[in-house]
Amino acid sequence: MLEIKHTLCPLCSVGCGLNVIINDGEIVGTFPYKRHPVNAGKNCLNGRKSIECYQNKFEKAIVSKTEVDIEKAIDEVSMVLNSADNSEVSIICSGNNDLEEIEAINEFGKSKNYNIAFYADDLKDFSDVASYDEVASAGKVFVIGNLLYENPLIGRRIVHAKQNGAKIYACGKTEESVTFNIADETSNSTVGEFLENNHGNIDEESVIVFNYVDSQDDLEKIETLNCKCLPVFSKSNSKGAFAIVKSKSSDELFELLDNTKVLLVFNDDIVDELDFDFGKISKIISFAPCSNKTTEISDIVVPIKTWLEKDGSFVNDMGETQMFTAAVESDALSEIEIIEKLRG
Ligand code: SF4
Numbered sequence: 001m002l003e004i005k006h007t008l009c010p011l012c013s014v015g016c017g018l019n020v021i022i023n024d025g026e027i028v029g030t031f032p033y034k035r036h037p038v039n040a041g042k043n044c045l046n047g048r049k050s051i052e053c054y055q056n057k058f059e060k061a062i063v064s065k066t067e068v069d070i071e072k073a074i075d076e077v078s079m080v081l082n083s084a085d086n087s088e089v090s091i092i093c094s095g096n097n098d099l100e101e102i103e104a105i106n107e108f109g110k111s112k113n114y115n116i117a118f119y120a121d122d123l124k125d126f127s128d129v130a131s132y133d134e135v136a137s138a139g140k141v142f143v144i145g146n147l148l149y150e151n152p153l154i155g156r157r158i159v160h161a162k163q164n165g166a167k168i169y170a171c172g173k174t175e176e177s178v179t180f181n182i183a184d185e186t187s188n189s190t191v192g193e194f195l196e197n198n199h200g201n202i203d204e205e206s207v208i209v210f211n212y213v214d215s216q217d218d219l220e221k222i223e224t225l226n227c228k229c230l231p232v233f234s235k236s237n238s239k240g241a242f243a244i245v246k247s248k249s250s251d252e253l254f255e256l257l258d259n260t261k262v263l264l265v266f267n268d269d270i271v272d273e274l275d276f277d278f279g280k281i282s283k284i285i286s287f288a289p290c291s292n293k294t295t296e297i298s299d300i301v302v303p304i305k306t307w308l309e310k311d312g313s314f315v316n317d318m319g320e321t322q323m324f325t326a327a328v329e330s331d332a333l334s335e336i337e338i339i340e341k342l343r344g
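Here it is as structure tokens:
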């Protein structure tokens with residue numbers, strides 16, 4: 001029997017709605033979620049492919065490259081943690097986790113005095129951000145990053161702004177940026193130079209939309225400007241994670257990892273994101289729904305539910321909390337259930 005169920009796209013922080021097509025209890029495809037206020041029936045290719053993680057999810061846990069039952073893997077994790085010096089254990093959680101999971105991971109880490117952090121693309125939380133409608137109605141939009149390609153449903157608001165008469169100023173790392181195609185002015189300069197060159201041009205009618213900066217100084221500059229801004233994160237719940245766990249820049253994470261012997265990675269692919277020699281860490285333990293570069297080098301991989309198999313909530317870039325419910329039933333354990341087992 002075919003069914004269609006509503007959920008959220010987990011692949012960036014824009015927070016688009018997504019419909020999944022279910023055939024006899026198995027998710028077989030995606031379908032536009034027409035009435036969702038963020039994306040009104042449109043999903044980018046990444047969003048449409050988001051179900052691949054569910055379709056390729058781990059069926060077994062892995063210990064030292066060998067498949068084992070999940071209970072055995074959890075016992076192994078407990079043994080590693082019990083024999084470690086707690087000050088040398090670090091937890092990295094991420095905006096891939098929903099709010100309830102981040103709360104549970106944070107409480108677990110604090111109760112054991114482990115180090116705990118999450119990585120938010122070297123960006124930070126801004127308390128007063130532009131809404132998506134404010135982007136679409138801005139007089140000038142300063143775009144840092146290839147948002148039309150990387151976050152297309154924010155890119156759509158930038159296109160709407162252009163159609164409404166706004167001037168678009170785009171800064172990007174390459175000449176090939178798709179965003180450059182609709183911009184009135186383009187720049188391949190550093191973010192600092194882009195902000196400096198446009199300083200006199202940025203006013204109350206402007207919005208700065210960005211998905212990267214070159215340094216923490218750039219974030220401070222943006223904060224002092226007389227306009228609204230909208231940081232766009234690579235993970236669905238980074239905005240929600242800020243309120244619970246202290247984020248760390250890549251430099252701060254390098255320092256933490258240098259002093260880490262046991263690393264617990266909750267639903268993240270930090271190996272893909274940071275240019276660090278992870279071979280220096282004695283034990284890496286991943287809690288992940290499907291394979292990624294971090295699970296490939298992990299000593300222990302504990303499978304967790306995909307977002308399609310659980311209830312939860314993500315906070316999107318505008319700061320709106322959106323709830324989702326399980327689209328399918330599953331025997332897999334959630335991160336919260338695994339943490340309860342680790343607590344003993
Ligand atoms: S823009 Fe982001 S949230 Fe929207 S469909 Fe694409 S990846 Fe998913």
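Its first residue numbered 1, the sequence shown is counted upward by one per residue in the working numbering. Ideal placement from N, C-alpha and C gives every residue a C-beta, glycine not left out. Nothing here was measured: the structure is a model prediction, and the numbers come from that model.
Item, Value
"Around the C-beta of N250, are 16 or more other C-beta atoms found within 10 angstroms, so that it is buried, or is it exposed?", "For the sequence presented, residue 250 should be read as Ser rather than Asn. Exposed."
"Between D269 and the rest of its own chain, which residues show a CB-CB distance below 6 angstroms, the 5 nearest in sequence each way excluded?", "N292, K293 and T294"
"List in chain order: all unbroken beta strand (DSSP E) runs of 3+ residues lying wholly within the region 111-166.", "115-119 and 140-144"
"Do the region 68-80 and the region 217-228 touch if we need at least three Cβ pairs shorter than 8 angstroms?", "no"
"Check for me: the beta strand (DSSP E) holding K283 runs from which residue to which?", "K283 to A288"
"Are V178 and L148 touching if we call contact CB-CB under 7 angstroms?", "yes"
"One question on the structure: do A241 and G95 come within less than 7 angstroms of each other, judged by their Cβ atoms?", "yes"
"Which residue marks the beginning of the beta strand (DSSP E) containing C229, and which one marks its end?", "K228 to P231"
"Does the beta-carbon of L308, which I'm using as the reference point, lie nearer than 6 angstroms to any heavy atom of the ligand SF4?", "no"
"May I have the straight-line CA-CA distance separating G344 from K261, to the nearest angstrom?", "22 angstroms"
"Nearest CA to the CA of E196: which residue from F142, G155 and I92?", "F142"
"For the ligand SF4, any of its heavy atoms closer than 6 angstroms to the Cβ of G47?", "yes"
"Could you tell me the alpha carbon to alpha carbon distance between M323 and P231, rounded to whole angstroms?", "21 angstroms"
"Considering only C-alpha positions, which residue in the set D121, K72, P152 and V213 is nearest to V301?", "K72"
"Please classify G17: does DSSP put it in a helix, a strand, or coil?", "strand"
"Taking all protein chains shown into account, decide if N164 is buried (16 or more other Cβ within 10 angstroms of its Cβ) or exposed.", "exposed"
"What number of angstroms, rounded off, separates the C-alpha of S206 from the C-alpha of S111?", "45 angstroms"
"Closer than 8 angstroms by C-beta to L8: which residues in its own chain qualify, once you throw out the five before and the five after it? Chain order, please.", "G15, C16, G17, L18, S236, W307, F314, Q322 and F324"
"CB C53 to CB P289, shorter than 7 angstroms?", "yes"
"Taking D122 as the reference, give the member of E273, H199, K60 and D299 with the closest Cα.", "E273"
"Quick check: the Cα distance between F58 and P303, rounded to an integer number of angstroms?", "6 angstroms"
"In the structure shown, what three-state DSSP assignment does Y33 receive?", "coil"
"What did DSSP end up calling Y54 once you bin it into helix, strand or coil?", "helix"
"So what does DSSP say about K248, is it helix, strand or coil?", "strand"
"Quick check on K280: does DSSP put it in helix, strand or coil?", "helix"
"For E134, which residues in the same chain have their Cβ closer than 7 angstroms to its Cβ, ignoring the five residues on either side in sequence?", "V207 and K228"
"K34 and V20 - do their beta-carbons sit closer together than 7 angstroms?", "no"
"Once DSSP output is grouped into helix, strand and coil, what is the label at K293?", "helix"
"Within the continuous alpha helix (DSSP H) that includes G240, where are the two ends?", "S238 to F242"
"With H, G and I counted as helix, E and B as strand and the rest as coil, what does DSSP make of G319?", "coil"
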